[in-house]
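Below you'll find the structure, written out as structure tokens, and then a few comments.
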Amino acid sequence: MNVLVTGGAGFIGSHTVDKLTDAGFNVIVIDRNKPKYANDSAVYYQSDLNDPDIEEIFEKHSFDYVIHLAAQASVAVSVEDPVHDALDNVMASVRLIELCKKYHVKKIVVSSSAALYATPQYLPVDEKHPVSFLSPYAVSKHTMEEYVKLSGLDYIIFRYANVYGPRQDPHGEAGVVSIFIEKMIKNLPLEIHGDGKQTRDFVFVKDVAEMNCRALTEQGKNTTLNVSTNSETSINDLFALIAKHTNYGLAPRQAPERKGDIKHSVLNNRLATETLNFTPLTPLEEGLTETISFFQKHPF
Ligand SMILES: NC(=O)c1ccc[n+]([C@@H]2O[C@H](COP(=O)([O-])OP(=O)(O)OC[C@H]3O[C@@H](n4cnc5c(N)ncnc54)[C@H](O)[C@@H]3O)[C@@H](O)[C@H]2O)c1
Numbered sequence: 002m003n004v005l006v007t008g009g010a011g012f013i014g015s016h017t018v019d020k021l022t023d024a025g026f027n028v029i030v031i032d033r034n035k036p037k038y039a040n041d042s043a044v045y046y047q048s049d050l051n052d053p054d055i056e057e058i059f060e061k062h063s064f065d066y067v068i069h070l071a072a073q074a075s076v077a078v079s080v081e082d083p084v085h086d087a088l089d090n091v092m093a094s095v096r097l098i099e100l101c102k103k104y105h106v107k108k109i110v111v112s113s114s115a116a117l118y119a120t121p122q123y124l125p126v127d128e129k130h131p132v133s134f135l136s137p138y139a140v141s142k143h144t145m146e147e148y149v150k151l152s153g154l155d156y157i158i159f160r161y162a163n164v165y166g167p168r169q170d171p172h173g174e175a176g177v178v179s180i181f182i183e184k185m186i187k188n189l190p191l192e193i194h195g196d197g198k199q200t201r202d203f204v205f206v207k208d209v210a211e212m213n214c215r216a217l218t219e220q221g222k223n224t225t226l227n228v229s230t231n232s233e234t235s236i237n238d239l240f241a242l243i244a245k246h247t248n249y250g251l252a253p254r255q256a257p258e259r260k261g262d263i264k265h266s267v268l269n270n271r272l273a274t275e276t277l278n279f280t281p282l283t284p285l286e287e288g289l290t291e292t293i294s295f296f297q298k299h300p301f
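When we follow the numbering used here, the leftmost residue of the sequence shown carries the number 2, and every step to the right adds one.
If you want it as structure tokens, here you go:
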């Protein structure tokens, strides 16, 4: 079975490539960046999905499945540069979907986001929760979802909560986990925005990669699934856990609350568990210690 992983040089993509090759799939990656954590069993094309020449890659490899992870993944960048965001998240996705149709791909799995739930009306948020938009990123991800649904292809749409783990770049728009770990390992001061009581649903990247893999092998299709742990962790508790495992002794500085920050977020994962026979199980403390030891061995 040949699987195309777009964005396979990125954080979630690189783990997904590892999981797929371990499971015996032939993996082909399209990413505009060179892989930092290349998998020797995968084939890499350093190409942009907006380049019409990528059709040659579809002609060369007969893809059974496509896992679409390539995106402009930063909410902040989408606000600063909505054109860039729309090109990468809408236009590139539409081009990809058209190629999947033309070359009879059996199923496409796409990565969307909890950003579509904006400020949730109830918790934990299930997939029936209305969508609304606080950023161009949320608009572009939702638009991609709608193109996928219209395509006639078999599909799974994943809406990820806060993904963390080894290889997540702490610079730029990174998750709070990798930012905290990098600062604490280097014994640098760090800030918590607001009172730190805001909560998030942190899901370990290897569990996410497993779900991407299962989306190909399990029967479920044509559905939208949350990818989450169904449990809430406050930023203060996250700080304390990482501080404990990095022997960090400084107190956090309190910074003003960020405009537009959601107070509480936790996603219901019942539907994904039923559909894929899998639920993200890695306990937060275990995922954090693995991530800390990765950062200690591979400083960014
Ligand atoms: N990390 C999270 O917590 C999170 C949460 C919700 C959704 N997501 C989504 O999951 C996916 C993967 O996220 P990530 O955290 O691994 O991001 P990432 O930035 O590490 O990886 C994205 C990859 O896509 C590539 N890419 C972007 N546009 C491209 C294009 N036009 N052509 C070719 N390659 C292109 C980039 O070079 C990069 O390697 C994204 O779709 C993102 O929006 C991530």
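Glycine included, each C-beta is placed from N, C-alpha and C at the ideal position.
These figures come from a predicted structure and were not determined experimentally.
Buried or exposed by the 16-neighbour rule on C-beta atoms within 10 Å, applied to residue i
i: residue 262; result: exposed
i: residue 116; result: buried
i: residue 211; result: buried
i: residue 169; result: buried
i: residue 249; result: buried
i: residue 199; result: buried
i: residue 123; result: exposed
i: residue 25; result: exposed
i: residue 147; result: exposed
i: residue 69; result: buried
i: residue 52; result: exposed
i: residue 120; result: exposed
Residue span of the alpha helix (DSSP H) that contains residue i, given as start and end
i: residue 85; result: 83-87
i: residue 93; result: 93-103
i: residue 271; result: 271-277
i: residue 246; result: 236-247
i: residue 46; result: Here residue 46 belongs to no alpha helix (DSSP H); instead the beta strand (DSSP E) covers 44-47.
i: residue 172; result: Neither: residue 172 is in no alpha helix (DSSP H) and is coded neither H nor E.
i: residue 151; result: 137-151
Test item: CB-CB of residue i and residue j under 8 Å
i: residue 156; j: residue 205; result: no
i: residue 10; j: residue 34; result: yes
i: residue 158; j: residue 113; result: yes
i: residue 67; j: residue 5; result: yes
i: residue 272; j: residue 227; result: yes
i: residue 55; j: residue 63; result: no
i: residue 43; j: residue 29; result: yes
i: residue 240; j: residue 296; result: no
i: residue 281; j: residue 224; result: no
Limits of the beta strand (DSSP E) - the one that residue i falls within
i: residue 203; result: 203-205
i: residue 297; result: Run containing residue 297: none in the beta strand (DSSP E); it sits in the alpha helix (DSSP H), 285-298.
i: residue 108; result: 108-114
i: residue 304; result: The structure shown does not extend to residue 304, since the chain is modelled only from 2 through 301, so no value can be given for it.
i: residue 128; result: Neither: residue 128 is in no beta strand (DSSP E) and is coded neither H nor E.
i: residue 29; result: 27-32
i: residue 233; result: Careful: residue 233 lies outside any beta strand (DSSP E) and carries neither H nor E.
Any non-hydrogen atom of ligand 1 within 7 Å of residue i CB
i: residue 7; result: yes
i: residue 58; result: no
i: residue 96; result: no
i: residue 112; result: yes
i: residue 270; result: no
i: residue 70; result: yes
i: residue 161; result: yes
i: residue 208; result: no
i: residue 201; result: no
i: residue 13; result: yes
i: residue 51; result: yes
i: residue 176; result: yes
i: residue 39; result: no
i: residue 10; result: yes
i: residue 89; result: yes
i: residue 73; result: yes
i: residue 164; result: yes
i: residue 119; result: no
i: residue 93; result: yes
Cutoff 8 Å: residue i Cβ touching any chain B Cβ
i: residue 262; result: Looking for chain B here will not work: only one protein chain is present.
Residue i Cβ short of 7 Å to ligand 2 heavy atom set
i: residue 33; result: Ligands in the displayed structure: ligand 1; ligand 2 is not one of them.
Neighbourhood of residue i by C-beta distance below 7 Å, restricted to the same chain and skipping five residues each side
i: residue 50; result: 7, 31, 71, 93, 96 and 97
i: residue 264; result: 199
i: residue 286; result: 242
i: residue 190; result: 251 and 254
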